[in-house]
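*Asks:* Please read through the structure below; I'll follow up with questions.
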Amino acid sequence: MMRQMKKSKALVLILAIAMVLVFAVGCGSTSAPPTTPPADSGSTAPAEAPPAGDVVTKTIGFYADAADSYYADMNDALQALANQDPECDWVVDYKVGQSTADEQLKAVEDFITAGYDAIIVIQNNPNTTSECIEKAKAANIPYFGAAHNFAEAANAKDSTGSTNYDFEQGGRLAGQDALANGVKNAIIIEGVLGQGSASAQSLGFLKAYEEAGKSLGEKADGAAWTAEDVATLKPPASDIKGNPDVVVVQWASGNWMTEPAQKVMLDAISALGKDGWDGAYVQNNPMTEGAINAMKEQGLSTDDYWLGSMNGREVSWQWTKDGVLSMDVNQSSCMEGALLYQMVKEYFATGSVAKAHVHPYLTGYTKDTIAELEPSLVPETDINAFVEGCNNGSIVYDINDPKFLEIPGY
């Protein structure tokens, strides 16, 4: 009798091990991309939601137009949140281009050919994005955009989701502070002259004056310059007639990077002299560092000039506390990564995204308010601090929170 019981227990143990092995094989994941989905001339079909409790590996192609730390931080935040989520088993293929439209198109085509489950793109230009959306739709693969607005693309509504900051509002916050500090002759260093996000910041900066009833000067024919005119045409100061309350005395492009911005700031100081300007709007923190370096090189004190930016990285918090920077706007790409994580996860679960095109919230701060606002600011370069803040509730990141506004035009 005892021998028979031992045999029975052994048999049960063997069967249990076999079941565990079968389950492990059946639910195991692979990093290889799935087969290419069939082409579909209609709209993107909803994804079939996996059974409750199952964790299915998904492959995501993420293309960034340039080797920019801002973009890299966005990707790192997305992956960090997904990696800690037991419901996500994602393989993210992050590819970086060199700021050409052809590279964007080729990357998206490669993602489609590989049969990835979702595509995220930081675009080169909206026209290329339109072509990419068309190809992704035909392949029945969801297409998500980040960093730059592409609502003007003819088929923007065929994209699955997107997130980008309201750059015009960020520029407006800078312009309001510049106006409050009496800035009349401004240098504007755009990331790239004419690029959508850069032009939007300049427009917002000038609209702050326009909306306050201030004059931007007159044209040669006596017509008033508008904020839209000046931001788009970027006229030389000599073309601004009348009695303007603000003039952009120097336009320049710093390519979003420190060394190019330092060079153009040196050129501006050389051309204008120390008294030919009283403020500079430098559109991100790496370029701001270049502008600060140029001022130091020329023996100019930042205490004597208004200096504003839109980026709000941790280094800027210290600059502002030290009085080196007059103001900045907290605009962390980690938050864009968090929103993309939520959008993509929702799509994989339900086949759609309810709040599909979203502006993250902005927080402007000055040397007078930084101490009060610092605890609520969103980290940019410290990914661990960002994730910890999301986990402990000190950072608002839930896409359904009213702080996140839907982007118009989609």
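Counting in this note's numbering, the sequence shown runs from 672 upward without gaps. We put the beta carbon where it would ideally sit given N, CA and C, even for glycine.
Ignore the nearest five residues each way along the sequence and tell me which others in cysteine 759's own chain have a CB closer than 7 Å to its CB.
*Replies:* The sequence position of residue 759 within the sequence shown is 88, counting from 1. Ala753 and Lys1016, listed in sequence order.
*Asks:* Out of Met1006, Ala857, Ser972 and Ala817, which has the shortest C-alpha to C-alpha gap to valine 995?
*Replies:* On the sequence shown, residue 995 is found 324 positions in, with the first residue counted as 1. The option with the nearest alpha carbon to valine 995 is Ser972.
*Asks:* What separation, rounded to the nearest whole angstrom, lies between the Cα atoms of proline 704 and alanine 818?
*Replies:* Looking up residue 704 in the sequence shown gives position 33. Looking up residue 818 in the sequence shown gives position 147. No answer about proline 704 holds up, because its pLDDT of 37 lies below 50 and its placement is not dependable.
*Asks:* Which stretch, first to last residue, makes up the alpha helix (DSSP H) that contains leucine 1033?
*Replies:* Within the sequence shown, the letter at position 362 stands for residue 1033. Leucine 1033 -> no alpha helix (DSSP H), and no H or E assigned at all.
*Asks:* Extract the residue ranges of the beta strand (DSSP E) inside the stretch 807-874, only unbroken runs of 3 or more that lie entirely within it.
*Replies:* Listed in chain order, the complete beta strand (DSSP E) runs (minimum 3 residues) inside the stretch 807-874 are 814-817, 832-834 and 856-861.
*Asks:* Report back the beta-carbon spacing between glutamate 839 and alanine 871 to the nearest angstrom; my notes put them in contact at under 8 Å.
*Replies:* Here the question's residue 839 lines up with position 168 in the sequence shown. Here the question's residue 871 lines up with position 200 in the sequence shown. Right, the Cβ-Cβ distance comes to about 4 Å (below 8 Å), so this counts as a contact.
*Asks:* On a Cα-Cα basis, can you pick out the residue from Pro1046, Val1000 and Ser1023 that is closest to tyrosine 1032?
*Replies:* Position 361 of the sequence shown, counted from the start, is the residue given in the question as residue 1032. Looking at the Cα atoms, Val1000 is the closest of the given residues.
*Asks:* Based on the DSSP output, what are the partners of methionine 998 in its beta bridges?
*Replies:* Within the sequence shown, the letter at position 327 stands for residue 998. Bridge partners of methionine 998: Gly979 and Thr1037.
*Asks:* Quick one: Cα of isoleucine 1041 to Cα of aspartate 938, how far?
*Replies:* Residue mapping note: residue 1041 aligns to position 370 of the sequence shown, counting from 1. Residue mapping note: residue 938 aligns to position 267 of the sequence shown, counting from 1. When rounded, the distance between both Cα atoms is 31 Å.
*Asks:* Do you know whose CA, among Met958, Ser830, Met966 and Trp988, lies nearest alanine 809's CA?
*Replies:* Counted from its first residue, the sequence shown places residue 809 at position 138. Nearest of Met958, Ser830, Met966 and Trp988 to alanine 809, Cα basis: Ser830.
*Asks:* Where DSSP assigns a beta bridge to tryptophan 990, which residues make up the other side?
*Replies:* Residue numbering aside, residue 990 sits at position 319 when the sequence shown is read from its first letter. Answer is none; tryptophan 990 lacks a bridge partner.
*Asks:* When the Cα of threonine 897 is compared with those of Asp747, Asp910 and Glu881, which residue comes out closest?
*Replies:* To locate residue 897, count along the sequence shown from 1; it is residue 226. Here the closest residue by C-alpha is Glu881.
*Asks:* Using C-beta distances below 7 Å, list every residue in its chain close to histidine 1028, excluding the 5 sequence neighbours before and after it, in chain order.
*Replies:* Walking along the sequence shown from the start, residue 1028 turns up at place 357. The residues are Gly832, Ser833, Glu1077, Ile1078 and Tyr1081.
*Asks:* Using a Cβ-Cβ cutoff of less than 6 Å, which residues in the same chain neighbour phenylalanine 1075 once the five nearest sequence positions on both sides are dropped?
*Replies:* Walking along the sequence shown from the start, residue 1075 turns up at place 404. Cβ neighbours of phenylalanine 1075 beyond the five flanking positions: Val1029.
*Asks:* Buried or exposed: which applies to aspartate 756, given that a residue is buried once 16 or more other Cβ atoms fall within 10 Å of its Cβ?
*Replies:* Taking the first residue of the sequence shown as position 1, residue 756 is located at position 85. Aspartate 756 should be labelled exposed.
*Asks:* Once DSSP output is grouped into helix, strand and coil, what is the label at glycine 923?
*Replies:* Here residue 923 refers to the residue found at position 252 of the sequence shown. Residue identity differs from the one stated: residue 923 is alanine in this sequence, not glycine. Strand, per DSSP.
*Asks:* Please identify the residue among Ser941, Ile804, Leu943 and Val779 whose C-alpha is closest to the C-alpha of asparagine 826.
*Replies:* By 1-based counting over the sequence shown, the position of residue 826 is 155. Minimum Cα distance to asparagine 826 is reached at Ile804.
*Asks:* Suppose only complete runs of 4+ residues qualify. What are the alpha helix (DSSP H) ranges in the stretch 775-809, listed by chain order?
*Replies:* Taking only runs of at least 4 residues, the alpha helix (DSSP H) segments lying wholly in the stretch 775-809 are 797-809.
*Asks:* Taking the beta carbon of leucine 978 as the centre, do at least 16 other beta carbons fall within 10 Å, making it buried, or is it exposed?
*Replies:* Here residue 978 refers to the residue found at position 307 of the sequence shown. Result: buried.
*Asks:* In terms of alpha-carbon separation, which member of Ala851, Gln847 and Gly842 lies closest to isoleucine 860?
*Replies:* Position 189 of the sequence shown, counted from the start, is the residue given in the question as residue 860. Cα-wise, what sits closest to isoleucine 860 is Gly842.
*Asks:* Looking at C-alpha atoms only, which residue of Leu887, Gly865 and Ala845 is the closest neighbour of glycine 875?
*Replies:* For the purposes of this step, residue 875 is taken as the residue at position 204 of the sequence shown. Of the listed residues, the one whose Cα sits closest to glycine 875 is Ala845.
*Asks:* According to DSSP, is alanine 703 part of a helix, a strand, or is it coil?
*Replies:* For the purposes of this step, residue 703 is taken as residue 32 along the sequence shown, with counting starting at 1. Residue placement at alanine 703 is flagged as unreliable, the pLDDT there being 37, under the threshold of 50; a coordinate-derived value is accordingly withheld.
*Asks:* Do tyrosine 734 and glutamine 775 come within 8 Å of each other at the CB atom, strictly closer than that value?
*Replies:* What you label residue 775 is simply residue 104 of the sequence shown in a count that begins at 1. What you label residue 734 is simply residue 63 of the sequence shown in a count that begins at 1. Yes, the pair counts as a contact, with Cβ atoms nearer than the cut-off.
*Asks:* Is it buried or exposed, glycine 884, if we count other Cβ atoms within 10 angstroms and call 16 or more buried?
*Replies:* Position 213 of the sequence shown holds residue 884. Flag for glycine 884 reads exposed.
*Asks:* For valine 726, is the classification buried or exposed, using 16 other Cβ atoms within 10 angstroms of its Cβ as the cut-off for buried?
*Replies:* Taking the sequence shown and counting its residues from 1, the one referred to as residue 726 is at position 55. Looking at its Cβ environment, which holds fewer than 16 other Cβ atoms inside 10 Å, valine 726 is exposed.
*Asks:* Would a C-beta distance cut-off of 8 Å place glycine 888 and valine 854 closer than the cut-off?
*Replies:* Against the sequence shown, residue 888 aligns to sequence position 217. Against the sequence shown, residue 854 aligns to sequence position 183. Contact: no.
*Asks:* For isoleucine 655, which three-state DSSP category applies?
*Replies:* The chain is shown from 672 up to 1081; residue 655 falls before or after that span and cannot be answered.
*Asks:* Tell me whether glycine 947 sits in a helix, a strand or coil according to DSSP, three-state version.
*Replies:* Mapped onto the sequence shown, residue 947 falls at position 276. In this structure, glycine 947 counts as coil in the three-state DSSP scheme.
*Asks:* What residues match up with lysine 905 in a beta bridge as DSSP calls it?
*Replies:* Position 234 of the sequence shown holds residue 905. Paired residues: none, contrary to the question.
*Asks:* Would you mind reading off the limits of the alpha helix (DSSP H) that contains tyrosine 741?
*Replies:* On the sequence shown, position 70 is the one that residue 741 refers to. Per DSSP, tyrosine 741 belongs to the alpha helix (DSSP H) from 740-754.
*Asks:* Please report the residue range of the beta strand (DSSP E) in which valine 1058 lies.
*Replies:* For the purposes of this step, residue 1058 is taken as residue 387 along the sequence shown, with counting starting at 1. Premise fails: valine 1058 lies in the alpha helix (DSSP H), 1054-1063, not in any beta strand (DSSP E).
*Asks:* Could you please give me the residues that DSSP links to tyrosine 952 through a beta bridge?
*Replies:* Counting from one through the sequence shown, the residue named residue 952 turns up at place 281. Tyrosine 952 pairs with Ile859 and Gly979.
*Asks:* Look at the alpha carbon of tryptophan 761 and the alpha carbon of serine 801, and state the distance between them as a whole number of angstroms.
*Replies:* Taking the sequence shown and counting its residues from 1, the one referred to as residue 761 is at position 90. Taking the sequence shown and counting its residues from 1, the one referred to as residue 801 is at position 130. Computed Cα separation, rounded: 26 Å.
*Asks:* Quick test of your reading: glutamate 1051 and serine 1003, contact by CB under 8 Å. State the CB separation rounded to the nearest angstrom.
*Replies:* What you label residue 1051 is simply residue 380 of the sequence shown in a count that begins at 1. What you label residue 1003 is simply residue 332 of the sequence shown in a count that begins at 1. About 4 Å; that satisfies the 8 Å criterion.
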